[in-house]
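Residue numbers (this note's numbering): 12 to 96.
C-beta: ideal position from N, C-alpha, C; glycine also.
All values derive from a computational prediction rather than experimental measurement.
Take a look at the structure set out below.
Here's what the structure looks like:
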């Protein structure tokens, strides 16, 4: 858990006990637990909504009006007019 060893946790608890006193530690622990639980629930909800959005099928593109286009993409070459003499 966060790379903390048991001795580190004991030291943190002793310092918290000295700062807040034995009467407030249960309140602080409860508030910390509720905060962590709410954070985890929010994270899960965000993850679920992102996954649901990613898994939605893509909307099919709407058909467009078909314009008459030349079969070739090359420009048409017009023959010069012939003159009859």
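| field | Straight-line gap, residue 67 to residue 49 (C-alpha atoms, nearest Å) | value | Residue 67 and residue 49 have their C-alpha atoms spaced approximately 27 Å apart.
| Contact check, residue 39 vs residue 31, beta carbons under 7 Å | At a Cβ-Cβ threshold of 7 Å, residue 39 and residue 31 count as neighbours.
| query | Cα separation between residue 57 and residue 47? | reply | Rounded to the nearest angstrom, the two C-alpha atoms are 15 Å apart.
| message | Can you tell me whether residue 89 is helix, strand or coil according to DSSP? | response | coil
| query | residue 15 and residue 28 look like a contact to me (Cβ under 8 Å); what is the Cβ gap, rounded to whole Å? | reply | Residue 15 to residue 28, Cβ: 17 Å. No contact.
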